[in-house]
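To start, the structure under review is shown below, and the notes come after it.
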Amino acid sequence: MKQPKKLTRQNKILLEKVGLNPEEWINLLEDNLYLHIVRKNSDKRVVKIIDKKKGDIIGGN
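The sequence shown begins at 1 in the UniProt record's numbering and counts up by one.
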């Protein structure tokens with residue numbers, strides 16, 4: 001598994017639009033359609049998937 005990366009400015013704007021705090025999340029995987037993010041400081045691994053086109057959270061735990 002790849003190491004998570006810092007969020008870009010566009011990613012931060014998308015997270016704010018969805019209602020999440022960008023300072024609490026890091027980029028796990030990104031492609032043209034989806035952004036997979038992981039919570040930074042959590043005992044459990046929390047992953048969310050965001051649809052970039054619609055600007056909605058579509059999956060995750």
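Glycine included, C-beta positions come from ideal geometry on N, C-alpha and C. Every value quoted in this text rests on a predicted model; they were computed, and no experiment measured them.
- Counting along the chain, no beta strand (DSSP E) covers Glu24, and no H or E run does either.
- Per DSSP, Val18 is not a residue of any beta strand (DSSP E); the alpha helix (DSSP H) it occupies stretches across Arg9 to Val18.
- Excluding the 5 residues flanking it on each side, Lys40 has same chain C-beta neighbours closer than 7 Å at Glu24, Trp25 and Ile26, in chain order.
- DSSP places Lys54 in no beta strand (DSSP E); its state is neither H nor E.
- Secondary structure note for Leu35: its beta strand (DSSP E) is the uninterrupted segment Tyr34 to Arg39.
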